[in-house]
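Trainee:
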Amino acid sequence: MERIIYDRMAELDSRHWWYVARRDILAELIRRKVPLPTEPRILEIGCGTGHNLPMLGRFGRVDAVEIDPVARALASSRLGHAVHDAPLPALAGVPERSYDLVALLDVLEHVEADREALISISERLRPNGRILLTVPAHPWMWSSHDVANHHKRRYTKKTLRAVVADAGLKLEELTYFNSVLFPVAAMARVASRLAGKEGSGDAMPPKAVNALFETLFGLERYAIGRLPFPPGVSLAAIASAS
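Residue 12 is where the sequence shown starts when you use my numbering, and the numbers rise one by one after that.
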């Protein structure tokens with residue numbers, strides 16, 4: 012990703028509605044759908060500034076990987092120990108058969124060799140381990156935001172299901188999320204495209220709007236993993252070694 016993306020993440024990840032509500036939603040998905048042993052070991056790959064690490068730390072001992080040096084330094088300070096520098100798909104130096112949960116949260120779309128990345132991640136799982144991954148949905152929503160974030164693709168349920176299967180993994184859960192605000196996001200994306208004024212879409216909104224969006228998006232935590240969601244801006248999946 013571009014340097015400005017990491018800088019904006021560091022500035023906003025504790026208060027922007029998307030980061031805050033998303034963490035709550037993913038925590039509920041883990042609680043409901045990821046069977047974890049006593050004292051599990053967890054790895055987040057592509058942790059950015061480390062904003063997900065405290066949430067993941069509620070479930071077990073966390074290690075992390077981040078290739079950007081500035082973001083890695085901030086993530087290390089948040090984690091309390093060193094974050095690894097180990098690019099996908101090789102993950103050099105990350106021990107195999109060591110983790111009960113590997114989180115890959117809006118990372119796979121950055122990786123050209125997504126199948127090989129999932130294979131490599133599966134080799135880091137302990138028996139009965141799980142991969143939790145999120146990706147942006149709907150290729151038709153491609154915008155300057157994807158370009159600025161160096162995305163290689165946006166996924167459909169079909170393409171995500173296919174790459175998980177091609178990597179030899181068993182798909183246990185596949186759901187849209189960020190569905191409540193999807194109509195707003197879709198209309199904004201289309202309107203911006205027609206006007207020829209696409210922006211990155213990750214600026215901090217006014218305080219009242221931020222609070223409203225956090226509340227609306229956050230409602231999904233009550234239903235995630237319990238009810239099927241209509242189309243949303245993102246996809247979440249849980250996979251295990253088959």
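Backbone N, C-alpha and C define an ideal beta-carbon position, used for all residues, glycine too. Small disclaimer: the values here were computed from a predicted structure and weren't measured.
(1) In whole angstroms, what is the alpha-carbon distance linking A75 and G57?
(2) Taking only the alpha-carbon atoms, compute the straight-line gap between F228 and L136 and give it to the nearest angstrom.
(3) Quick one: what does DSSP say L102 is sitting in, helix, strand or coil?
(4) Within its chain, find whatever has a CB closer than 7 angstroms to the CB of I78; leave out the 5 residues flanking it on each side and keep chain order.
(5) Could you say if the stretch 19–36 and the stretch 61–70 meet the contact criterion of at least three C-beta pairs nearer than 8 angstroms?
(6) For the beta strand (DSSP E) containing A252, name the first residue and the last one.
(7) How many Å lie between Y17 and K218 at the Cα?
(8) For F224, report the span of its beta strand (DSSP E) as first-last.
(9) Measure the C-alpha to C-alpha separation of E225 and W28 and round it to an integer number of angstroms.
(10) K181 lies in the beta strand (DSSP E); which residues open and close that run?
(11) So, is N139 buried or exposed, given that buried needs 16 or more other C-beta atoms within 10 angstroms?
(12) Can you round the beta-carbon distance between R108 and V94 to whole angstroms, since I take them to be within the 8 angstroms contact cut?
(13) Would you kindly check if the distance between the Cβ of G236 and the Cβ of T170 is under 9 angstroms?
(14) Pull up the CB-CB distance for L8 and R141, whole angstroms please, since I reckon it's below 8 angstroms.
(15) In three-state terms, what does DSSP make of R52?
(16) Which residues bound the beta strand (DSSP E) around T145?
(17) So the candidates are S155, E134, L129; which of them puts its Cα closest to the Cα of T145?
(18) Is it buried or exposed, S190, if we count other Cβ atoms within 10 angstroms and call 16 or more buried?
(19) Which residues in the same chain have their Cβ closer than 6 angstroms to the Cβ of D177, if we skip the five residues on either side of it in sequence?
(20) Quick check: what's the CA-CA separation for P80 versus L205?
(21) What residue range does the alpha helix (DSSP H) around L90 cover?
Mentor: Taking the structure as given:
(1) Translated into the one-based positions of the sequence shown, residue 75 becomes position 64. Translated into the one-based positions of the sequence shown, residue 57 becomes position 46. Going by the C-alpha atoms only, they are around 7 angstroms apart.
(2) Mapped onto the sequence shown, residue 228 falls at position 217. Mapped onto the sequence shown, residue 136 falls at position 125. Computed Cα separation, rounded: 31 angstroms.
(3) Your numbering for residue 102 matches position 91 in the sequence shown. In this structure, L102 counts as coil in the three-state DSSP scheme.
(4) Numbered from 1 along the sequence shown, position 67 holds the residue referred to as residue 78. Counting only Cβ-Cβ distances below 7 angstroms, and skipping sequence neighbours, we find D96, P98.
(5) yes
(6) Start at 1 with the first residue of the sequence shown, and residue 252 comes out as number 241. Here the beta strand (DSSP E) through A252 covers 245–252.
(7) As a position in the sequence shown, residue 17 is number 6, starting the count at 1. As a position in the sequence shown, residue 218 is number 207, starting the count at 1. For Y17 and K218, the distance between alpha carbons rounds to 22 angstroms.
(8) Mapped onto the sequence shown, residue 224 falls at position 213. Where F224 is concerned, there is no enclosing beta strand (DSSP E), although the alpha helix (DSSP H) it sits in stretches over 218–229.
(9) Your numbering for residue 225 matches position 214 in the sequence shown. Your numbering for residue 28 matches position 17 in the sequence shown. Going from the Cα of E225 to the Cα of W28 covers about 4 angstroms.
(10) On the sequence shown, residue 181 is found 170 positions in, with the first residue counted as 1. Its beta strand (DSSP E) spans residues 180–188.
(11) Walking along the sequence shown from the start, residue 139 turns up at place 128. N139 should be labelled exposed.
(12) By 1-based counting over the sequence shown, the position of residue 108 is 97. By 1-based counting over the sequence shown, the position of residue 94 is 83. Rounded, the Cβ-Cβ distance is 21 angstroms, inconsistent with contact.
(13) Residue numbering aside, residue 170 sits at position 159 when the sequence shown is read from its first letter. Residue numbering aside, residue 236 sits at position 225 when the sequence shown is read from its first letter. In this structure, G236 does not lie closer than 9 angstroms to T170 by Cβ.
(14) Shown here, the chain extends from 12 to 253; a query on residue 8 therefore has no answer.
(15) Residue mapping note: residue 52 aligns to position 41 of the sequence shown, counting from 1. R52 falls in the strand class under three-state DSSP.
(16) As a working mapping, residue 145 is identified with position 134 in the sequence shown. Segment 136–147, the beta strand (DSSP E) holding T145.
(17) In the sequence shown, counting from the first residue as 1, residue 145 sits at position 134. In terms of Cα proximity to T145, the closest of S155, E134, L129 is L129.
(18) Position 179 of the sequence shown holds residue 190. Label assigned to S190: buried.
(19) For the purposes of this step, residue 177 is taken as the residue at position 166 of the sequence shown. Once the five neighbours on either side are set aside, the close Cβ partners of D177 are R126.
(20) On the sequence shown, residue 80 is found 69 positions in, with the first residue counted as 1. On the sequence shown, residue 205 is found 194 positions in, with the first residue counted as 1. Rounded to whole angstroms, P80 to L205 spans 38 angstroms at the Cα level.
(21) Counting from 1 along the sequence shown, the entry for residue 90 is found at position 79. Here the alpha helix (DSSP H) through L90 covers 80–90.
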